[in-house]
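UniProt numbering applies: residue 1 is where the sequence shown begins, and numbers increase by one.
The C-beta atom is built at its ideal place from N, Cα and C for all residues, glycine as well.
Take a look at the structure below.
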Amino acid sequence: MAALKYAGMDDTDSEDELPPGWEERSTKDGWVYYANHEEMKTQWDHPKTGKKRRCAGDLPYGWEQEMDDKGQIFYVDHINKRKTYFDPRQAFTVEDVLVKPKRYDGNTAALEILQGRDLSDRVVLITGGNSGIGFETAKSFALHGAHVILACRNLSKAIKAVSLIQQEWHKARLEAMMLDLASLRSVREFADSFKTKKLPLHILICNAAVCTQPWRLTEDGLESTFQVCHLGHFLLVQCLQEVLRRSAPARVVVVSSESHRFTDLLDQCGKVDLAVLSPPQKDYWSMLAYNRAKLCNLLFSNELHRRLSLHGVTCNAVHPGNMMYTAIHRSWWLMTLFFTLARPFTKSMQQGAATTVYCAVAPELEGLGGMYFNNCFRCLPSSQAEDQVTAASLWELSERLVSERPTGLQAL
Ligand SMILES: NC(=O)c1ccc[n+]([C@@H]2O[C@H](COP(=O)([O-])OP(=O)(O)OC[C@H]3O[C@@H](n4cnc5c(N)ncnc54)[C@H](OP(=O)(O)O)[C@@H]3O)[C@@H](O)[C@H]2O)c1
C-alpha cells in the first residue's frame, strides 16, 4: 500500500473500489455492469463514481468466453487451465465518455477544423479555386494531404495558385485544370478529362461565382451570372455523378450566400420561369441576378441531396461570410466601395473557408445533408429555398436546358 501511495496510484484504485455487497460483471459484448446481491439489483453506473465503463479490446490470447447452464458468461484461460466469472478485460476498462463534436463559430479558421486530420486518401475538386475563398479552401485541404484539383476558367491563374500553395508545403498534391462554367461545352470537356484520370471524387466544392456583372449572354445563349453560378455547376455534378457515387461516401458543398433571401424565382403564376432566371437585357439588374443565382444554389443543393443521398452522396449549402474582400466585387465600382469600407470588419479568408471545410469533413455530418450552414452552424434558409416543389422544378428546367444545348453555340 505504501509503495502504491509513493507511486501516486492508491487514490485511483480506491475511487473505483466497490462498496460492500456489490460485484462487477460484464456483458457478452464487453459492457461492465454492477450487481448488488443484497438488494438483488443490477445497474450500468458504478455505485460510487456513477461512471459507465466498457472493456477495451479483445480477450487476452488463450482466453475464451463461454456460457454456463444458467446463461451466465464465464471465461476459460486455456493456457493456465482455469475458469473465472471475472472478465479478464476488466483490467483494461475505459470510461464510456461521449466524445462531443467540437463547436466552431464565425471566428474559426479552416485549418483549425482540419487540425490533426490526414486527408491523404481524399480527392477534392474545387471550382474557382484560384482566388478568394476557393483558394483558401483548396490550400487548407492540400496542406492536410488531400489531392486537390483546382477547376478554373483561367489556367495560368490556376497554375500560379498551385505554385503558391506548394511554396507553403512542397509536397502538397494539386492539379490545375481548365473549366469555364459559362460554357456547357467546357464543362463537358472538363468532366471527360477528369474521368480519364480515373480518380475517385470524395469532396466536390461548387464555389465559383460572378457577381454584379454587366448583362452578357454566354455561348449557350443564357445570362452569364445564372449559367456560371448555377447551370454550369448543375451540369458538372450531372457529368460527375457516377464518379461521386462510386467514391461514396462523398460530399458536395455548394457555396451560396445570405443574399439568397432578398429575392425569389417564381413568375406571376408561381412557376420557375427561365425568363426570370435568364432575363433579357431590359429586365436585367445585376445584383438581383446574383441573389437569384444564390437561391438556385440552395435549391440545387437540397434537391441534389434528395436525389443522391440514397447513393451515399450528400450535399449541403453554405454562406461563407459577409462582404469578404475577395475579387467578387470587381465588376461594379459601388460594390468595390462597400467591400472596401466593410473590409476592417469582415472575416479573414481562412475564416471564410471554414464553413465549407466544416461541411466537407465534419464527422458528425456523415450521411447528413440538405442543410444550410453559416459560421459552421446549421441555420434556416429562406422559405422558398426550402420549397421542394420549386427545387424539383428548377432541377427539371436545368435538365432541359443542358440537354437542349448539347454542344453550345445555341441562341436563347
Ligand atoms: N466574398 C464574399 O463576401 C462572399 C459572400 C457570400 C458568398 N460568397 C460566395 O463565395 C464564393 C467564392 O467567392 P469569392 O468571394 O472568393 O470571389 P472570387 O475571389 O471572385 O472567386 C470567384 C471564383 O470564381 C471563378 N469564376 C468566375 N467565373 C468563372 C467561370 N466562368 N468558370 C469558372 N470559374 C469562374 C473566378 O475565377 P477568376 O479568378 O478567373 O475570375 C474565381 O476563381 C462565391 O460562390 C460567392 O458567391 C462570397
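Reduced DSSP category for W215 - H, G, I as helix; E, B as strand; rest coil: coil
Flag this pair as yes or no: are the beta carbons of I126 and T108 separated by less than 7 Å? no
Beta-carbon proximity of S140 to L174, cut-off 7 Å: no
What is the rounded straight-line gap between the Cα of M287 and the Cα of S331? 11 Å
Anticipated Cβ contact below 8 Å, G352 with P320, distance rounded: 5 Å
For the beta strand (DSSP E) that contains D77, what are its first and last residues? I73 to D77
My assumption, with CB atoms under 8 Å, is that T263 sits in contact with V318. Please give the rounded CB distance. Actually they are not in contact, since the Cβ atoms of T263 and V318 sit about 18 Å apart, beyond 8 Å.
How would you label W169, buried or exposed, when you count the other beta carbons within 10 angstroms and need 16 or more for buried? exposed
To which residues of the same chain is L232 closer than 6 Å at the C-beta, ignoring the five residues directly before and after it? Note that residue 232 is Gly in the sequence shown here, rather than Leu. Closer than 6 Å at Cβ, skipping near neighbours: L181 and V187.
Is there at least one non-hydrogen atom of ligand 1 closer than 6 Å to the beta-carbon of R103? no
Answer yes or no: the CB of D220 versus the heavy atoms of ligand 1, is any distance below 6 Å? no
Can you give me the start and stop residues for the beta strand (DSSP E) that Q43 sits inside? K41 to Q43
Span separating the alpha-carbon of L119 from that of G132: 22 Å
Counted within 10 angstroms of its Cβ, other Cβ atoms place T49 as buried (16 or more) or exposed: exposed
At a threshold of 6 Å, does M287 count as lining ligand 1 (C-beta to nearest heavy atom)? no
Once the 5 residues before and after H305 are set aside, which same chain residues still bring their CB inside 7 Å of it? T314, C315, G369 and G370
Does Y85 pass the burial test, meaning 16 or more other C-beta atoms within 10 Å, or should it be called exposed? exposed
Leaving out five residues on either side along the sequence, give the residues of the same chain with a beta carbon under 6 Å from the beta carbon of L412. The predicted position of L412 is uncertain, since its pLDDT is 38 and thus under 50; a value taken from the coordinates is nonetheless stated next. Same-chain partners within the cutoff: G221.
Would a C-beta distance cut-off of 7 Å place C206 and V254 closer than the cut-off? yes
Pairwise C-alpha distance: V32 and R82: 22 Å
So, A142 versus Q350, is the Cβ gap smaller than 7 Å? no
Considering Cα atoms alone, identify which of F345, K347 and C376 is closest to C359. C376
So who's on the other strand from H147, going by DSSP bridges? V123 and R173
Regarding T326 and ligand 1, is the C-beta to nearest heavy atom distance less than 6 Å? yes
Beta-carbon proximity check, Y290 vs T225, cutoff 7 Å: yes
Can M177 and A151 be called in contact, C-beta distance under 7 Å? yes
Could you check where the beta strand (DSSP E) with Q65 kicks off and where it finishes? W63 to M67
DSSP state of T84, grouped into three classes? strand
Assign A3 to one of two classes, buried (16 or more other C-beta atoms within 10 Å of its C-beta) or exposed (fewer than that). The predicted position of A3 is uncertain, since its pLDDT is 34 and thus under 50; a value taken from the coordinates is nonetheless stated next. Answer is exposed; the Cβ neighbour count stays below 16.
Kindly examine ligand 1 and report whether one of its heavy atoms sits closer than 6 Å to the Cβ of D180. yes
Where DSSP assigns a beta bridge to S26, which residues make up the other side? V32
With distances taken from CA atoms, which of S348, Q65, E303 and S309 is nearest S398? E303
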